[in-house]
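In what follows, a single structure is set out as structure tokens and then discussed.
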Amino acid sequence: MADIATIVRDVADEMAALTDRGEVATYIPPLAHVDPRQFGLCIVTADGAVHMAGEAEEPFSIQSVSKVFALTQALGKVGDTLWRRVGREPSGTPFNSIVQLEREQGIPRNPFINAGALVVSDVNLAGHEPRVAIGELLRFIRYLAEDDTILIDEIVARAEQETGFRNIALANYMKAFGNLTHSPPLTLGVYFHQCAIAMSCRQLAMAGRYLMLGGLHSPGGPRVVSAQRARRINALMLTCGHYDASGDFAFRVGLPGKSGVGGGILAIAPGRASIAVWSPGLNENGNSKLGTAALERIAEATGWSVFSQAEQGLSRPASS
Ligand code: GLN
3 MADIATIVRD VADEMAALTD RGEVATYIPP LAHVDPRQFG LCIVTADGAV HMAGEAEEPF
63 SIQSVSKVFA LTQALGKVGD TLWRRVGREP SGTPFNSIVQ LEREQGIPRN PFINAGALVV
123 SDVNLAGHEP RVAIGELLRF IRYLAEDDTI LIDEIVARAE QETGFRNIAL ANYMKAFGNL
183 THSPPLTLGV YFHQCAIAMS CRQLAMAGRY LMLGGLHSPG GPRVVSAQRA RRINALMLTC
243 GHYDASGDFA FRVGLPGKSG VGGGILAIAP GRASIAVWSP GLNENGNSKL GTAALERIAE
303 ATGWSVFSQA EQGLSRPASS
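Numbering (our numbering), first residue to last: 3 to 322.
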């Protein structure tokens, strides 16, 4: 039986030895220039212990992991009425796909594909200036992570804006269906800036604690969302958090998870751990290759899969 500190160290060592690390995202220079040899891991457990390995304190572009926090913010503003404008089903398509929007009258399948995240940004904009809405999201994330040093990388934000033609198309298309209330450039401004938030694995794992703790900010801390809302966000992460690879992630890891093209993944073992892993090389679905492999190893070693028996100690399953 290994303890978590040992598991974290062993997994990081194992990942360091791998040579096939996937391909970094190349659509914007600031991501294309990230060193693919980096790997970071942080596990925060329900008792508040923090375990780290590798480049766990190195900030990276959280990209679509931000969609979890933006969704939480939007649900706080409009509650379940959000579900009139965005669905809750896996899309089975890549993160930036447009194909379903025409057939489904501009209602995106879920809040984690880009189209759905744009609707969420539109909700969070709520008639304000984009910088007010993004400031609110940044403050929320800093509060969750208990860390005021978290920043938006303006170089990434500008690059997103300059190259985001698909996102611009998605926003305009949904506007044509009446599913954006603001002008597309304003909504897109919020979305591009949330993608450009930079966080380390440590900061991300800390920020994810409310999803492990049934909605509490920290062990014994104030409530951020209801237990039901935390459970539902976890359900969406499990079913939609990895786009068209969500089924495979559930099969291999069995935990709610949200990935980003910066190579970060936030995974939640409800009641047990908030896990952030980062390695910039991506697989063919745009999810971190080593990040996914590391989470698979962690789930195996801890038995934390949501599909496991209640026993879920730290012992290895007898056989698989
Ligand atoms: N900025 C990226 C985009 O909008 C985010 C996508 C992602 O992380 N999957 O295309």
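The beta carbon of each residue, even a glycine, is placed where N, CA and C say it ideally should be.
**Asked** Does the distance from the C-beta atom of Phe41 to that of Leu240 stay below 7 Å?
**Response** Mapped onto the sequence shown, residue 41 falls at position 39. Mapped onto the sequence shown, residue 240 falls at position 238. Taking 7 Å as the Cβ cut-off, Phe41 and Leu240 do not qualify as a contacting pair.
**Asked** Taking the Cβ atom as the reference point for each residue, do Leu127 and His195 lie within a distance shorter than 7 Å?
**Response** The residue labelled residue 127 in the question sits at position 125 within the sequence shown. The residue labelled residue 195 in the question sits at position 193 within the sequence shown. No, they are not a contact pair.
**Item:** Stretch-stretch touch, CB-based, cutoff 8 Å, three pairs: the stretch 145-164 with the stretch 117-131
**Value:** no
**Those residues which DSSP pairs with Leu201 across a bridge** = Within the sequence shown, numbered from 1, the residue matching residue 201 stands at position 199. Reading off the sequence, residue 201 comes out as Met, not Leu. Note: Met201 sits in a beta bridge opposite Phe62.
**Cys197: CB within 6 Å of a non-hydrogen atom of the ligand GLN** = The residue given as residue 197 occupies position 195 in the sequence shown. True, at least one ligand heavy atom lies under 6 Å from that Cβ.
**Contact between the stretch 18-33 and the stretch 217-229 (3+ Cβ pairs under 8 Å)** = no
**Request:** Specify the secondary structure class of Ser322 as computed by DSSP and reduced to three states.
**Result:** Counting from 1 along the sequence shown, the entry for residue 322 is found at position 320. Bear in mind that a pLDDT of 39 at Ser322, under 50, signals an unreliable position, so the number given afterwards is only what the model happens to contain. In the structure shown, Ser322 sits in coil (DSSP, three-state: anything other than H, G, I, E or B).
**Asked** Mind listing, in chain order, the residues whose beta carbon lies closer than 6 Å to a non-hydrogen atom of the ligand GLN?
**Response** Gln65, Ser66, Phe97, Asn98, Asn116, Glu162, Asn169, Cys197, Gly262, Val263, Gly288
**Request:** Answer yes or no: do Arg204 and Ala58 have a C-beta to C-beta separation smaller than 7 Å?
**Result:** Position 202 of the sequence shown, counted from the start, is the residue given in the question as residue 204. Position 56 of the sequence shown, counted from the start, is the residue given in the question as residue 58. Yes, Cβ-Cβ distance for Arg204 and Ala58 is below 7 Å.
**Request:** Check whether the Cβ atoms of Gly265 and Ser290 lie closer than 7 Å to each other.
**Result:** The count along the sequence shown starts at 1 and reaches residue 265 at position 263. The count along the sequence shown starts at 1 and reaches residue 290 at position 288. Yes, Cβ-Cβ distance for Gly265 and Ser290 is below 7 Å.
**Residues that His53 bridges to, as DSSP identifies them** = Walking along the sequence shown from the start, residue 53 turns up at place 51. Bridge partners of His53: Ile45.
**Asked** Does the stretch 266-280 come within contact of the stretch 207-221, defined as at least 3 CB pairs closer than 8 Å?
**Response** yes
**Request:** Assign Glu106 to one of three DSSP states: helix, strand, or coil.
**Result:** By 1-based counting over the sequence shown, the position of residue 106 is 104. Residue state, collapsed to three classes: coil.
**Request:** Can you check DSSP and say which residues form a bridge with Gly243?
**Result:** Your numbering for residue 243 matches position 241 in the sequence shown. Gly243 is not bridged to any residue.
**Beta-carbon gap between Val158 and Pro32 smaller than 7 Å** = Numbered from its first residue, the sequence shown carries residue 158 at position 156. Numbered from its first residue, the sequence shown carries residue 32 at position 30. Result yes, Cβ atoms of Val158 and Pro32 sit closer than 7 Å.
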